[in-house]
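Line by line, the protein sequences give chains U and H. Numbering-wise, this note's numbering puts 64 at position 9 of the first sequence, and it's gapless, one number per residue. Numbering-wise, this note's numbering puts 1429 at position 93 of the second sequence, and it's gapless, one number per residue. Here is the structure we will look at.
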Amino acid sequence: GAVVSQHPSRVICKSGTSVKIECRSLDFQATTMFWYRQFPKQSLMLMATSNEGSKATYEQGVEKDKFLINHASLTLSTLTVTSAHPEDSSFYICSAITGGAGGELFFGEGSRLTVL
Amino acid sequence: GESVGLHLPTLSVQEGDNSIINCAYSNSASDYFIWYKQESGKGPQFIIDIRSNMDKRQGQRVTVLLNKTVKHLSLQIAATQPGDSAVYFCAEFRGAGSYQLTFGKGTKLSVIP
């Protein structure tokens, strides 16, 4: 089956630094990828929809300058948490949808960000 | 922002028994409803989905029931095993060029050996 890979799986950083998380579709091209955030014991909350070659669409309440999304190729989307603070510590999960009618959605394994 | 102090509902089931996990949804326009399983520290795994024009769908050991009248979705797991212990989320999916997948709150299933 299709595989979506995220990197890094875990990252710890100091407050004020920026962190980049990659999401790759390994065996298919994904024109659309999604970024979710999940706090402990809570559900996944959609942050933004990433479209290859165009600007991401952010959900209400998500700061686009804080969470930079770049989808420069059909197999890679990146999420950069800029000037990270402890409240940004969370589990970030991406998903990618295969092309064509009836596209299937596949999730990455998630990236655990801890901001000290 | 997120809710403070939110706890996942928990369902404890004896190994070998059947489990029923329930979910209420809000959007009548959703095309698909999907159940995901999430183990600790991992991303969601697809279990089974059901189109909005169906009432029931069966998979291996799992059955999903959809009641559109009351906007209710359930996941039944037959002969629950310890490996089924995880958090289960229902999700509503809308396609038609504007893909949107919205997750429900989740239920933690604990299987007692």
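Beta carbons are placed, not taken as given, at the ideal position from N, Cα and C, and that holds for glycine.
Three-state secondary structure assigned by DSSP to residue i
| i | result |
| --- | --- |
| H:D1385 | strand |
| U:E77 | strand |
| H:V1340 | With a pLDDT of 38 at H:V1340, under the threshold of 50, the modelled position of that residue is not reliable, and the figure given next carries that caveat. Correct three-state label for H:V1340: coil. |
| H:E1428 | strand |
Residue i beta carbon near the ligand MN (any heavy atom closer than 7 Å)
| i | result |
| --- | --- |
| U:F122 | Looking for the ligand MN in the displayed structure turns up nothing, as the structure carries no ligands at all. |
Boundaries (first-last residue) of the beta strand (DSSP E) holding residue i
| i | result |
| --- | --- |
| U:Y147 | 145 to 152 |
| H:K1444 | 1443 to 1448 |
| H:N1358 | 1355 to 1360 |
| U:A103 | 99 to 106 |
| U:S166 | 166 to 170 |
| U:Y91 | 87 to 93 |
| U:L129 | Here U:L129 belongs to no beta strand (DSSP E), and DSSP marks it neither H nor E. |
| H:T1346 | 1346 to 1350 |
| H:T1399 | 1398 to 1403 |
Chain C contact for residue i (CB, 8 Å cutoff)
| i | result |
| --- | --- |
| U:E164 | The chain labelled as chain C is not found among the protein chains of the depicted structure, namely U and H. |
Length of the line joining the Cα atoms of residue i and residue j
| i | j | result |
| --- | --- | --- |
| H:T1346 | H:Y1424 | 10 Å |
| H:N1363 | H:D1391 | 16 Å |
| H:R1387 | U:T130 | 28 Å |
| H:L1435 | U:A111 | What sits at residue 1435 of chain H in the sequence shown is Tyr, not Leu. So the alpha carbons of these two residues sit roughly 13 Å apart. |
| U:S105 | H:Y1372 | 22 Å |
| H:G1395 | H:D1385 | 9 Å |
| U:S70 | U:A127 | 27 Å |
| H:P1418 | U:L134 | 35 Å |
| U:S73 | H:N1354 | 46 Å |
| U:S144 | U:G165 | 13 Å |
| U:W90 | U:I148 | 6 Å |
| H:E1428 | U:F162 | 15 Å |
| U:L77 | U:T169 | First, the amino acid is wrong: residue 77 of chain U is Glu here, not Leu. Each residue's Cα considered, the two are about 16 Å apart. |
| H:A1360 | U:I152 | 25 Å |
| H:I1383 | U:D120 | 35 Å |
| U:A103 | H:Q1381 | 20 Å |
| U:G154 | U:Q84 | 7 Å |
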